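Peer 1:
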Amino acid sequence: MKYVQPVYRPPSEAYSLLIQATVGCSRASCTFCASWLFNKKKIKEFSVRPMEEIEADLTEARTRYGENVKKIFFLDSNAIVMKTEDLVNLCEFTRAIFPRLERIGVYGCAKDVLEKSVDQLKKLKEAGLGIIYMGLESGDDETLKLVHKGVTSAEQVKAGQMIMESGIPLSVTIILGLGGKNRWREHARLTGIACSQINPTYLGALTLMLVPGTPLHQKAQQGDFELLSPQEILEEMKLLVENLELDGCIFRSNHASNYLPIGGVLSQEKEEVLKTIQMGLDQKIGLRPDFLRAL
Numbered sequence: 032m033k034y035v036q037p038v039y040r041p042p043s044e045a046y047s048l049l050i051q052a053t054v055g056c057s058r059a060s061c062t063f064c065a066s067w068l069f070n071k072k073k074i075k076e077f078s079v080r081p082m083e084e085i086e087a088d089l090t091e092a093r094t095r096y097g098e099n100v101k102k103i104f105f106l107d108s109n110a111i112v113m114k115t116e117d118l119v120n121l122c123e124f125t126r127a128i129f130p131r132l133e134r135i136g137v138y139g140c141a142k143d144v145l146e147k148s149v150d151q152l153k154k155l156k157e158a159g160l161g162i163i164y165m166g167l168e169s170g171d172d173e174t175l176k177l178v179h180k181g182v183t184s185a186e187q188v189k190a191g192q193m194i195m196e197s198g199i200p201l202s203v204t205i206i207l208g209l210g211g212k213n214r215w216r217e218h219a220r221l222t223g224i225a226c227s228q229i230n231p232t233y234l235g236a237l238t239l240m241l242v243p244g245t246p247l248h249q250k251a252q253q254g255d256f257e258l259l260s261p262q263e264i265l266e267e268m269k270l271l272v273e274n275l276e277l278d279g280c281i282f283r284s285n286h287a288s289n290y291l292p293i294g295g296v297l298s299q300e301k302e303e304v305l306k307t308i309q310m311g312l313d314q315k316i317g318l319r320p321d322f323l324r325a326l
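Residue numbers (the working numbering): 32 to 326.
(1) When you compare the CB positions of residue 216 and residue 270, do they come within less than 9 angstroms of one another, or not?
(2) DSSP beta-bridge partners for residue 191?
(3) Would residue 178 and residue 247 qualify as a contact pair, given that the criterion is a beta-carbon distance under 9 angstroms?
(4) In the DSSP output, what is residue 235 paired with across the bridge?
(5) Quick test of your reading: residue 264 and residue 222, contact by CB under 8 angstroms. State the CB separation rounded to the nearest angstrom.
(6) If you draw a straight line from the alpha carbon of residue 132 to that of residue 225, how long is it in whole angstroms?
(7) Per DSSP, what kind of secondary structure is residue 169 in: helix, strand or coil?
(8) Check each candidate in 83, 109, 48, 158 and name the one with the smallest Cα separation from residue 77.
(9) When DSSP labels each residue in this structure, what does residue 106 get in the three-state scheme?
(10) Quick check on residue 199 - is its C-beta less than 9 angstroms from some C-beta in chain D?
(11) Could you check what DSSP says for residue 79 in three-state terms: helix, strand or coil?
(12) Measuring straight from C-alpha to C-alpha, what distance separates residue 276 and residue 300?
(13) Is the beta carbon of residue 50 less than 9 angstroms from the beta carbon of residue 85?
(14) For residue 97, does the three-state DSSP call read helix, strand or coil?
(15) How is the alpha helix (DSSP H) around residue 319 delimited, first residue to last?
(16) State the start and end residues of the unbroken alpha helix (DSSP H) segment that holds residue 220.
(17) Under a three-way DSSP split, which group does residue 296 fall into?
(18) Kindly identify the DSSP beta-bridge partner or partners of residue 51.
(19) Does DSSP put residue 137 in a helix, a strand or coil?
(20) Is the number of C-beta pairs between the segment 88-105 and the segment 177-196 that are closer than 8 angstroms three or more?
(21) So, for residue 242: in the same chain, excluding its five sequence neighbours on each side, which residues have a beta-carbon less than 8 angstroms away from its beta-carbon?
(22) May I have the straight-line CA-CA distance separating residue 245 from residue 56, to the nearest angstrom?
(23) Taking the C-alpha atoms as reference points, what is the distance between residue 260 and residue 220?
(24) With a threshold of 16 other CB atoms inside 10 Å of the CB of residue 44, please say whether the residue is buried or exposed.
(25) What residue does the alpha helix (DSSP H) around residue 155 start on, and which one ends it?
(26) My output table needs one value for residue 161: the three-state DSSP class, helix, strand or coil.
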């Protein structure tokens with residue numbers, strides 16, 4: 032099986048079989064992301080792998096691991112960009128050789144989701160696509176412009192709603208601290224509103240960690256972008272959660288980048304989540320030290 036390193040996958044795909052369907056990110060414009068750096072330095076430029084190569088890797092994996100594989104994640108950062116017919120065929124081929132497969136997952140950028148119709152997404156669900164991970168990052172248009180996300184909040188909300196309408200489970204990721212000290216309130220409030228409009232299956236919060244060499248890292252070094260302190264991150268998370276109105280969505284901040292790992296079904300446990308955040312603010316519970324944080 033062939034991989035173009037480094038590869039990235041969601042934390043929840045830690046025990047999944049990883050298959051390289053696309054290489055790199057189809058956007059690679061976000062100034063906080065390592066994909067920008069890889070694309071700029073031509074370490075990892077975006078491409079869709081030929082179907083015969085992907086199928087050969089799947090066949091090799093079937094020989095190596097047998098038929099008991101339960102979860103597969105198609106790398107890299109945005110496999111949803113593949114032509115719908117190709118991705119449908121790939122999902123069907125995968126399910127045929129792994130009869131006990133329970134889920135196929137992909138990353139999906141909002142812009143590329145919007146290139147598809149709800150009917151096309153439904154075809155992907157029928158073919159076996161079991162989850163799409165979408166990096167919303169922020170619901171604040173000014174913050175999205177700051178990091179060159181290349182998409183508006185309204186476009187991201189529409190993409191998320193299309194996925195949910197199709198019946199494919201959706202995991203949305205947001206980044207605490209992405210607005211810096213200048214826009215943390217707007218970032219938290221508007222991100223909460225955007226996520227509520229989508230009402231995804233899962234919502235995960237990461238905390239910004241600057242990648243050396245990226246434009247946002249350079250801005251911080253020049254004093255043009257200020258990182259939030261751990262306490263300010265908790266204030267932002269509290270404001271975010273206060274603005275979340277979700278039905279059945281599972282919220283998690285257990286990523287290794289976060290200072291305070293928490294979670295719950297917000298429609299049932301919102302007050303408990305807010306109490307836990309307040310305990311962190313009041314220093315009644317310990318926070319993860321910086322040396323233990325990681326992307």
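For every residue, glycine included, the Cβ atom is placed at its ideal position computed from N, Cα and C. Predicted model, so just to flag it, every value in this text is computed and none were measured.
Peer 2: Based on what the coordinates show:
(1) Residue 270 is positioned such that its CB atom lies closer than 9 angstroms to that of residue 216.
(2) Paired residues: none, contrary to the question.
(3) Yes; because the gap between Cβ atoms is below 9 angstroms, this pair is in contact.
(4) 204, 283.
(5) No, residue 264 and residue 222 are not in contact; Cβ-Cβ is about 13 angstroms, not under 8 angstroms.
(6) Rounded to whole angstroms, the gap between the alpha carbons of residue 132 and residue 225 is 33 angstroms.
(7) Coil at residue 169, not helix or strand.
(8) Checked all of 83, 109, 48, 158; the closest Cα to residue 77 is 109.
(9) In the structure shown, residue 106 adopts extended strand secondary structure according to DSSP, grouped into three states.
(10) The chain labelled as chain D is not found in the depicted structure, where only one protein chain is given.
(11) Three-state result, residue 79: strand.
(12) C-alpha separation (whole angstroms): 12 angstroms.
(13) Yes; because the gap between Cβ atoms is below 9 angstroms, this pair is in contact.
(14) Collapsing the DSSP output to three states places residue 97 in a helix.
(15) Run containing residue 319: none; DSSP gives neither H nor E here.
(16) Its alpha helix (DSSP H) spans residues 215-229.
(17) Residue 296 falls in the strand class under three-state DSSP.
(18) BP columns for residue 51 point to 106.
(19) Three-state result, residue 137: strand.
(20) Judged by Cβ distances under 8 angstroms, the segment 88-105 makes no contact with the segment 177-196, as fewer than three pairs qualify.
(21) So the qualifying residues of the chain are 63, 64, 65, 68, 248, 326.
(22) Those two C-alpha atoms are separated by around 15 angstroms.
(23) Residue 260 and residue 220: Cα-Cα distance of roughly 18 angstroms.
(24) By the 10 Å Cβ count, residue 44 comes out buried.
(25) 149-158 is the extent of the alpha helix (DSSP H) around residue 155.
(26) The answer is strand: DSSP assigns residue 161 an E or B state.
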